[in-house]
Amino acid sequence: MTFFHATFWRSRLRHWLLKLISNLAPLAACALPAAAAVPPHERQVLVDLFASTSGQQWTTKSNWLDADPCDAVNGWFGIYCDSARAHVTYIALPNNNLRGKLPETLNQLTMLKSVELTSNFLWGPIPSLQGMTALFSFDVRDNLFTGSVPSLAGLTSLAGFDVSDNKLTGPVPAAPPSLWDNSSRLCPNYLNTPSPTDTAWNMATSGQPAQPWSASCSAPYRVSVSITAAPGTASPPGYLIPLGSTATFSVTPPAGQVVNQVSSGCGVPFFAPPLVTPGPLTTFTTPVLGDSCLIFVTYRAALPGEGNGGGNAAAVTSVPTLSTWGLLLLGWLATCLVLFGLRMKPEKSR
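Numbering (my numbering), first residue to last: 1 to 350.
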């Protein structure tokens, strides 16, 4: 049967070997004694990761923020280092209830070889991986990432790359020639197809040049956006926009009031803080990161100088209407007639 073709087993063997190397890296690191401390900037990246992904709520967070991340006895859970314990080389926190965004400083871990953050609640864009020339495996499947797939240019050691089961959109980057056959996954996502690098990605995702990498991807779909702005009005009141794009809307506050807060629940795992405390502003934007988008707008009394009924609003000048002009004309005519009558009245004879 074709299923047992040698090419299939060769590609599967490479895939298993990739996973084996990634899994053995931490064990090798643990077997060696400590010799140095992690540089402060590498430790700070891990601190940023803990802070930006609700570290206090992780399922397991043993020793995090204590001592040295690569300490031989009290190293941080899920963090593994090189033989000298001088650099972070492996982050393994799958299915650990990470909630939030990955720090933009991630690529400062230039000695990092493997990232495994599968099955968490990570959202927002995948940060830049530029400069991570030692990176061998990057696996963030089954999360809530949006935006585009980051550039993989210059990642000369990258053998496996898995960003499947997220909400990524846009074109795919060029596939590095270092990728192993059948060792990467780009779908399911909402990526643009076809890609100018289809053949390279076909090999990386299936080991077959004619097997489309995009077979399980879907076209970008539209998300319903609704706005609650009572007692004021909002425009547009409800509409559809592509997932991952930005919703723009405007509101009209009631007389004498201005916008107080705008809150958005547009697909993130939890409601974000209010977008702004805008005062007289009436036009806002919010990213749409999930299957639905609900925006709440509240108001407050306008302060002096804020307009829309505020205390220092320009004074209104009364302009006479047509009926007012008519009354003025009639009054003028009546006055003229009275004066004319007085002039025509005969004098009494002496």
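Ideal placement from N, C-alpha and C gives every residue a C-beta, glycine not left out.
Bear in mind the structure is a predicted one, so any value in this text is a computation, not a measurement.
Discussion item. On the CB-based measure, 16 or more other CB atoms within 10 Å of its CB, does Pro-177 come out buried or exposed?
Written reply: exposed
Worksheet item: Quick one, which of Asn-107, Gln-130, Asn-166 and Pro-150 has its alpha-carbon nearest Leu-144's?
Response: Asn-166
Discussion item. Within 8 angstroms of any Cβ in chain D, is that where the Cβ of Trp-213 sits?
Written reply: This model lacks chain D altogether; it includes just one protein chain.
Fill in: DSSP bridge partner residues for Ala-301 (one or two, in chain order)
Gln-257.
Worksheet item: At a cut of 8 angstroms, does the segment 102 to 113 reach the segment 69 to 79 through at least three beta carbon pairs?
Response: no
Practice prompt. State yes or no: is the C-beta of Leu-152 within less than 8 angstroms of the C-beta of Ala-134?
Written response: Cβ atoms of Leu-152 and Ala-134: not closer than 8 angstroms.
Discussion item. So for Pro-287, helix, strand or coil by DSSP?
Written reply: Strand, per DSSP.
Practice prompt. Using beta-carbon positions only, say whether Thr-146 and Leu-117 come within less than 8 angstroms of one another.
Written response: no
Discussion item. Just verifying my parser: in three-state terms, what is the DSSP assignment at Asp-162?
Written reply: strand
Worksheet entry | For Phe-77, three-class secondary structure by DSSP | coil
Discussion item. Just to confirm before moving on: does the CB-CB distance between Phe-296 and Ser-263 stay below 8 angstroms?
Written reply: yes
Worksheet entry | Among Val-172, Asp-162 and Pro-171, nearest to Ser-183 - alpha-carbon criterion | Asp-162
Practice prompt. Count the other C-beta atoms from every protein chain shown that fall within 10 angstroms of the C-beta of Gly-238, then say buried if there are 16 or more, exposed otherwise.
Written response: A residue is called buried once 16 or more other Cβ atoms fall within 10 Å of its Cβ, and Gly-238, having fewer, is exposed.
Worksheet item: Just reading off the beta strand (DSSP E) that Glu-42 is part of, what are its end residues?
Response: Taken as a continuous stretch (DSSP letters only), Glu-42 belongs to no beta strand (DSSP E), being part of the alpha helix (DSSP H) at 40 to 52.
Worksheet entry | 7 angstroms CB neighbourhood of Asn-192 in its chain, flanking five on each side removed | So the qualifying residues of the chain are Gly-170 and Pro-171.
Fill in: Rounded C-alpha distance that separates Gly-154 from Thr-286
Rounded to the nearest angstrom, the two C-alpha atoms are 33 angstroms apart.
Discussion item. Looking at Cys-70: is its Cβ nearer than 8 angstroms to the Cβ of Val-38?
Written reply: yes
Fill in: Span separating the alpha-carbon of Cys-30 from that of Tyr-80
Low confidence applies here, because Cys-30 scores a pLDDT of 45, under 50, leaving its location unreliable and the question unanswered by this model.
Fill in: Sequence-distant residues of its chain with Cβ nearer than 8 angstroms to Arg-43 (five each side left out)
Asp-68 and Pro-69
Worksheet item: Cα separation between Phe-121 and Thr-53?
Response: 9 angstroms
Discussion item. Considering just the uninterrupted stretch of the beta strand (DSSP E) at Thr-233, what are its terminal residues?
Written reply: Segment 233 to 235, the beta strand (DSSP E) holding Thr-233.
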